[in-house]
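Numbering (the working numbering), first residue to last: 37 to 166. A short worksheet on the structure shown next.
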(Lines of atoms letter the chains of each structure in order from A; the text may use other names.)
(Lines give C-alpha, C1' and ligand atoms only; values in the text may rest on other atoms or scores of the structure.)
Protein backbone atom coordinates (compact mmCIF):
# COMPACT_ATOMS: atom_id res chain seq x y z
CA UNK A 37 0.00 0.00 0.00
CA UNK A 38 1.59 3.25 -1.08
CA UNK A 39 1.58 6.12 1.37
CA UNK A 40 0.42 9.39 -0.17
CA UNK A 41 2.80 12.30 0.22
CA UNK A 42 1.74 14.57 3.08
CA UNK A 43 1.27 18.28 2.77
CA UNK A 44 4.02 20.46 4.17
CA UNK A 45 4.05 20.32 7.97
CA UNK A 46 1.71 17.32 8.22
CA UNK A 47 2.51 13.97 9.75
CA UNK A 48 3.10 11.02 7.49
CA UNK A 49 1.51 7.74 8.51
CA UNK A 50 3.30 4.51 7.76
CA UNK A 51 1.30 1.32 7.70
CA UNK A 52 2.98 -1.92 8.56
CA UNK A 53 1.58 -4.94 6.77
CA UNK A 54 -0.26 -7.31 9.07
CA UNK A 55 1.78 -10.42 8.53
CA UNK A 56 0.67 -13.96 7.97
CA UNK A 57 -1.83 -16.33 9.48
CA UNK A 58 0.57 -16.94 12.34
CA UNK A 59 0.07 -13.38 13.56
CA UNK A 60 -3.69 -13.78 13.39
CA UNK A 61 -3.56 -17.11 15.23
CA UNK A 62 -1.38 -15.67 18.00
CA UNK A 63 -3.69 -12.68 18.39
CA UNK A 64 -6.76 -14.95 18.62
CA UNK A 65 -5.11 -17.24 21.19
CA UNK A 66 -3.93 -14.26 23.25
CA UNK A 67 -7.40 -12.72 23.14
CA UNK A 68 -8.99 -15.97 24.31
CA UNK A 69 -6.49 -16.28 27.16
CA UNK A 70 -7.12 -12.68 28.22
CA UNK A 71 -10.89 -13.18 28.14
CA UNK A 72 -10.81 -16.42 30.16
CA UNK A 73 -8.44 -15.04 32.80
CA UNK A 74 -10.47 -11.83 33.00
CA UNK A 75 -13.71 -13.77 33.48
CA UNK A 76 -12.14 -15.85 36.24
CA UNK A 77 -10.90 -12.71 38.01
CA UNK A 78 -14.33 -11.07 37.62
CA UNK A 79 -16.13 -14.12 39.06
CA UNK A 80 -13.82 -14.06 42.08
CA UNK A 81 -14.40 -10.31 42.51
CA UNK A 82 -18.19 -10.80 42.33
CA UNK A 83 -17.96 -13.58 44.90
CA UNK A 84 -16.00 -11.29 47.21
CA UNK A 85 -18.71 -8.65 46.87
CA UNK A 86 -21.45 -11.20 47.53
CA UNK A 87 -19.74 -12.46 50.69
CA UNK A 88 -18.89 -9.00 52.04
CA UNK A 89 -22.38 -7.75 51.22
CA UNK A 90 -24.00 -10.72 53.03
CA UNK A 91 -25.88 -11.91 49.95
CA UNK A 92 -28.51 -14.61 50.36
CA UNK A 93 -26.60 -17.90 49.87
CA UNK A 94 -29.79 -19.64 48.71
CA UNK A 95 -30.18 -17.30 45.74
CA UNK A 96 -29.55 -19.07 42.41
CA UNK A 97 -27.07 -16.42 41.21
CA UNK A 98 -25.16 -16.50 44.49
CA UNK A 99 -25.04 -20.31 44.38
CA UNK A 100 -23.75 -20.24 40.80
CA UNK A 101 -21.02 -17.71 41.58
CA UNK A 102 -20.04 -19.52 44.79
CA UNK A 103 -19.73 -22.88 43.05
CA UNK A 104 -17.75 -21.40 40.17
CA UNK A 105 -15.49 -19.40 42.50
CA UNK A 106 -14.74 -22.57 44.46
CA UNK A 107 -13.20 -24.16 41.38
CA UNK A 108 -10.98 -21.28 40.30
CA UNK A 109 -9.32 -20.17 43.53
CA UNK A 110 -6.03 -21.86 42.57
CA UNK A 111 -5.91 -23.68 45.92
CA UNK A 112 -5.73 -20.43 47.88
CA UNK A 113 -8.94 -21.07 49.86
CA UNK A 114 -7.23 -21.27 53.24
CA UNK A 115 -3.97 -19.46 52.66
CA UNK A 116 -4.93 -16.64 55.01
CA UNK A 117 -7.04 -17.59 58.04
CA UNK A 118 -8.08 -14.48 59.94
CA UNK A 119 -10.99 -14.76 62.39
CA UNK A 120 -13.29 -12.65 60.22
CA UNK A 121 -14.76 -14.72 57.35
CA UNK A 122 -15.22 -11.64 55.13
CA UNK A 123 -11.56 -10.71 55.49
CA UNK A 124 -10.56 -14.31 54.76
CA UNK A 125 -12.55 -14.36 51.51
CA UNK A 126 -11.23 -10.93 50.55
CA UNK A 127 -7.59 -11.91 51.06
CA UNK A 128 -7.71 -15.42 49.58
CA UNK A 129 -9.94 -14.81 46.58
CA UNK A 130 -8.53 -11.33 45.99
CA UNK A 131 -5.07 -12.85 45.69
CA UNK A 132 -6.43 -15.56 43.37
CA UNK A 133 -8.06 -12.90 41.16
CA UNK A 134 -4.79 -10.97 40.94
CA UNK A 135 -2.95 -14.20 40.11
CA UNK A 136 -5.41 -14.94 37.27
CA UNK A 137 -4.73 -11.51 35.79
CA UNK A 138 -0.97 -12.04 36.14
CA UNK A 139 -1.19 -15.53 34.59
CA UNK A 140 -3.05 -14.09 31.61
CA UNK A 141 -0.49 -11.32 31.15
CA UNK A 142 2.48 -13.69 31.41
CA UNK A 143 0.98 -16.27 29.04
CA UNK A 144 0.09 -13.72 26.36
CA UNK A 145 3.53 -12.14 26.57
CA UNK A 146 5.31 -15.50 26.35
CA UNK A 147 3.18 -16.68 23.44
CA UNK A 148 3.85 -13.45 21.53
CA UNK A 149 7.58 -13.59 22.20
CA UNK A 150 7.94 -17.25 21.26
CA UNK A 151 5.58 -17.47 18.30
CA UNK A 152 6.24 -14.16 16.54
CA UNK A 153 9.42 -12.78 15.03
CA UNK A 154 10.72 -9.44 16.30
CA UNK A 155 9.15 -7.28 13.63
CA UNK A 156 5.65 -8.63 14.15
CA UNK A 157 5.66 -8.20 17.93
CA UNK A 158 5.68 -4.45 17.77
CA UNK A 159 2.92 -2.02 17.00
CA UNK A 160 1.13 -2.35 13.69
CA UNK A 161 0.80 1.39 13.13
CA UNK A 162 3.55 3.96 13.40
CA UNK A 163 3.61 7.70 12.96
CA UNK A 164 6.60 9.60 11.83
CA UNK A 165 7.10 13.25 11.07
CA UNK A 166 9.15 14.06 8.02
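Glycine included, every Cβ here is placed at the ideal spot set by N, Cα and C.
Need the endpoints of the alpha helix (DSSP H) that residue i sits in, please.
{"i": "residue 97", "result": "96–107"}
{"i": "residue 140", "result": "121–151"}
{"i": "residue 86", "result": "57–88"}
Comparing C-alpha positions only, which one of the options sits nearest to residue i?
{"i": "residue 75", "options": "104, 62, 146", "result": "104"}
{"i": "residue 109", "options": "97, 128, 98, 95", "result": "128"}
Is it true that the CB of residue j sits closer than 9 Å to the CB of residue i?
{"i": "residue 82", "j": "residue 125", "result": "no"}
{"i": "residue 143", "j": "residue 66", "result": "yes"}
{"i": "residue 132", "j": "residue 85", "result": "no"}
{"i": "residue 135", "j": "residue 59", "result": "no"}
{"i": "residue 73", "j": "residue 147", "result": "no"}
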